[in-house]
Amino acid sequence: MNPFLWMHHYITHFEGGKAHQWMCDCPHIPLLAAAGYASLVYTAPRFLRDKPIPGLTPIVAIWNLFFSIASTISFCYCAPLLFRVLTTTDHELPGLAPKRNRVTGEWDLQPHVHGGLYTSLCYWNRSIFEDGATAFWLLTFNLSKMVELMDTVFLLLKHKPIAFIHWYHHISVMLFCWHAHVSGISNGLAFAVMNMWVHSIMYFYFFMCACGLRELVRPFASMVTLLQILQMFAGLLLILYTTHLYMSDPGGCDTTASSLIFGTGMYGSYVVLFVKLFVDSYVLRKRSCRVKWNDAPVE
0 MNPFLWMHHY ITHFEGGKAH QWMCDCPHIP LLAAAGYASL VYTAPRFLRD KPIPGLTPIV
60 AIWNLFFSIA STISFCYCAP LLFRVLTTTD HELPGLAPKR NRVTGEWDLQ PHVHGGLYTS
120 LCYWNRSIFE DGATAFWLLT FNLSKMVELM DTVFLLLKHK PIAFIHWYHH ISVMLFCWHA
180 HVSGISNGLA FAVMNMWVHS IMYFYFFMCA CGLRELVRPF ASMVTLLQIL QMFAGLLLIL
240 YTTHLYMSDP GGCDTTASSL IFGTGMYGSY VVLFVKLFVD SYVLRKRSCR VKWNDAPVE
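Numbering of the sequence shown is given in numbering that gives the first Met the number 0, commencing with residue 0 and proceeding in unit increments.
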């Protein structure tokens, strides 16, 4: 069989039950990864000092291009489905998980609802999150946050300083994505689609920089940061609205209190950090020095 056809068949017929169970059984993996990552950030610079690593530039370029393409593909798979869930009003959505009414205590074993913002944020849809192409890309997205820790390794090997916003963002988003996938939060699709879109642009920007075209793309650096800020504000608003629905709607939300607390703290801190980064880099900065984040100059 053609490998591309085989891959397409595997993705479209993906069954995510075993992977989900594995993540549920292994909560120590992201914790160990976070601990090892933090140790690396603080210990590696002293060992790598004055030890140039040759041949890194093409590897970094390929790395960034790969993540840009992967983010674009996953966005093209997931965004149309999110749009369908948001706008499907003429017929009911299939695959919804049973929902318990907090007031009456009764279970609705076969929910019958139409699409909309409430449905996209508060209904766990098996046909989206557990099986099929979207489930495959969402699982890949969540696991990729651990792989993205290599961004920092490349910076360390190039003797670049690691800013707080860089390593804090990597650790927190990795832990949140693992926790969200295990907990089965219904608003995860919206968060993932936003991140896929921003990362498709951001990693392509880094790819251009690695190819020696930094001067060409430098005018777009502020736009990349603005997109990140827009994502963080949107994520914060969505999770605050989900919290409101979780607390006030009798039908509740297919999410957990821990995910809402974790997500609110995470997105709230991102808003503060990324706005500060933008103000410091583009509003207040007068001298010619540059702040580096993920090896991208922010002037």
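All residues carry an ideal CB built from backbone N, CA and C; glycine is no exception.
Shown here for T151: same chain residues with a beta carbon closer than 8 Å to its own, the five before and five after excluded, namely Y36, L39, V40, I161, H165, W166 and H169 in chain order. T241 and M231 have their alpha carbons spaced roughly 15 Å apart. D130 sits in a strand when the DSSP states are folded into three classes. Here the alpha carbons of L237 and G114 stand approximately 17 Å from one another. Look at N124 here: in three-state DSSP terms it is strand. In the same chain as I10, and ignoring 5 residues on each side of it, the C-beta atoms closer than 7 Å to its own belong to A132 and F135, in chain order. The closest CA to that of S257, considering only P218, M145 and F175, is found on F175. Contact check for G54 against D130 fails: the beta carbons are separated by 9 Å or more.
Following the DSSP letters along the chain, one finds T224 inside the alpha helix (DSSP H) bounded by residues A220 to S247. Counted as a single uninterrupted DSSP element, the alpha helix (DSSP H) harbouring D150 occupies residues M149 to L156.
Between Y245 and L259 a beta carbon distance of about 6 Å is seen, short of the 8 Å cut, so the two are scored as contacting. Fewer than three pairs of CB atoms, one per stretch, sit closer than 8 Å, so the segment 138-155 makes no contact with the segment 114-126. With contacts defined as CB atoms closer than 9 Å, F74 and V223 fail to qualify as a contacting pair. It is roughly 33 Å from the alpha-carbon of W62 to the alpha-carbon of R125. Unbroken alpha helix (DSSP H) stretches of 4 residues or longer found wholly inside the segment 3-34: 16-24, given in chain order. The beta-carbon separation of L225 and F277, rounded to 7 Å, stays under the 8 Å limit for a contact. Out of V271, L138, A78 and P29, the CA that lies nearest to the CA of W196 is found in A78. Separation of A32 and M145 (C-alpha to C-alpha, rounded to the nearest whole angstrom) is 8 Å. The residue among S199, A34 and N1 with its C-alpha nearest the C-alpha of A69 is S199. Nearest neighbour of G251 by Cα position, chosen from F46, F205, C121 and Q227, turns out to be C121. A distance below 8 Å between beta-carbons, with the five flanking residues on each side excluded, links L239 to the following residues of its chain, in chain order: T263. In the DSSP assignment, A189 falls within the alpha helix (DSSP H) that extends over G187 to A209.
L137 counts as buried, since at least 16 other C-beta atoms from the protein chains shown sit within 10 angstroms of its C-beta. Only buried fits H180, as 16 or more other CB atoms lie within 10 angstroms of its CB.
Shown here for V270: same chain residues with a beta carbon closer than 8 Å to its own, the five before and five after excluded, namely I228, M231, F232 and L235 in chain order.
Membership of R284 in any alpha helix (DSSP H) is not indicated, and neither H nor E is assigned to it by DSSP.
From the listed residues A60, M265, H19 and S280, the smallest Cα separation to S171 is found for M265. A distance below 8 Å between beta-carbons, with the five flanking residues on each side excluded, links R83 to the following residues of its chain, in chain order: G114. Annotation for C252: no alpha helix (DSSP H) segment contains it, and DSSP assigns it neither H nor E.
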